[in-house]
């Protein structure tokens, strides 16, 4: 056996051992791991008053949020200057608040129909829909909608005094709708929405 042949035979033998080791080391069944999501550090609850002159309402909103006037609504101009957004920069979310005046041109029933039509648009993706009655001592009545599943807006509400004021709120996150990953922040901001409702006063 010459030297070159011995070297070649030895390399093949070592390579064969590596192949056997790799194949025997990979025969363990795969272990499924639970699906994980990024941890979101939620801020401490604390509120401040929104009380801007000229607005037909006041309420308390979180100190970790910002009030931004809404200037565009689905590529159109809002019908009055009292449409605002509560922006949550740290949570990548926003509550759209749309205010309307009840009138002969826009009677209460018409506004109610519009709200239910907009909420119904999410039903085809919703696993469920809860409707919670809102009633406060300050002439604030309405319904809070909580939708389950991978919907674009899982938390919505409307409130009214039934004669003059009508306010709708809808929470959106700038993320792919995923009920599991958004559940913690949906619950967190839902508390802020209820705080807004219970501190709401009409002017």
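In this note's numbering, the protein residues as written are 16 to 218. Beta carbons: idealized from backbone N, C-alpha and C, even for Gly. These numbers were taken from a predicted model, which means no experiment stands behind them.
Using alpha carbons as the reference points, say which of the options lies closest to residue i.
{"i": "residue 177", "options": "134, 123, 185 and 215", "result": "123"}
{"i": "residue 108", "options": "205, 156 and 117", "result": "205"}
{"i": "residue 78", "options": "68, 136 and 101", "result": "101"}
{"i": "residue 219", "options": "92, 161 and 156", "result": "Here the chain comprises residues numbered 16 to 218, so residue 219 is not present and cannot be evaluated."}
{"i": "residue 217", "options": "184, 188, 179 and 209", "result": "179"}
{"i": "residue 166", "options": "155, 149, 172 and 187", "result": "187"}
{"i": "residue 134", "options": "57, 69, 98 and 184", "result": "184"}
{"i": "residue 81", "options": "145, 64 and 137", "result": "64"}
{"i": "residue 159", "options": "194, 196 and 207", "result": "207"}
{"i": "residue 138", "options": "151, 170 and 152", "result": "170"}
{"i": "residue 132", "options": "103, 172 and 151", "result": "172"}
Please classify residue i: does DSSP put it in a helix, a strand, or coil?
{"i": "residue 49", "result": "Because residue 49 carries a pLDDT of 48, less than 50, the predicted location of this residue cannot be relied on, and no value is offered for it."}
{"i": "residue 94", "result": "coil"}
{"i": "residue 218", "result": "coil"}
{"i": "residue 36", "result": "Model confidence at residue 36 stands at a pLDDT of 48, short of 50, so the residue's coordinates are unreliable and nothing is read from them."}
{"i": "residue 174", "result": "strand"}
{"i": "residue 135", "result": "helix"}
{"i": "residue 125", "result": "helix"}
{"i": "residue 200", "result": "helix"}
{"i": "residue 194", "result": "helix"}
{"i": "residue 106", "result": "coil"}
With a threshold of 8 Å (Cβ to nearest heavy atom), would residue i be considered close to the ligand GDP?
{"i": "residue 83", "result": "The ligand GDP is absent from the structure shown, which contains no ligands of any kind."}
Need the endpoints of the beta strand (DSSP E) that residue i sits in, please.
{"i": "residue 118", "result": "Where residue 118 is concerned, there is no enclosing beta strand (DSSP E), given that its DSSP letter is neither H nor E."}
{"i": "residue 84", "result": "81-84"}
{"i": "residue 56", "result": "It is not in any beta strand (DSSP E) - residue 56 carries neither H nor E in the DSSP assignment."}
{"i": "residue 69", "result": "No beta strand (DSSP E) holds residue 69; DSSP gives it neither H nor E."}
{"i": "residue 141", "result": "141-151"}
{"i": "residue 185", "result": "180-188"}
Would you kindly report the start and end of the unbroken alpha helix (DSSP H) that includes residue i?
{"i": "residue 156", "result": "Element bounds for residue 156: not the alpha helix (DSSP H) but the beta strand (DSSP E), 155-164."}
Between the beta-carbon of residue i and the beta-carbon of residue j, is there less than 9 Å?
{"i": "residue 84", "j": "residue 96", "result": "yes"}
{"i": "residue 110", "j": "residue 211", "result": "yes"}
{"i": "residue 140", "j": "residue 192", "result": "yes"}
{"i": "residue 147", "j": "residue 155", "result": "no"}
{"i": "residue 75", "j": "residue 214", "result": "yes"}
{"i": "residue 163", "j": "residue 194", "result": "yes"}
{"i": "residue 112", "j": "residue 92", "result": "no"}
Legend entry - the region 114-129 / the region 190-200 touching (three or more Cβ pairs under 8 Å): no
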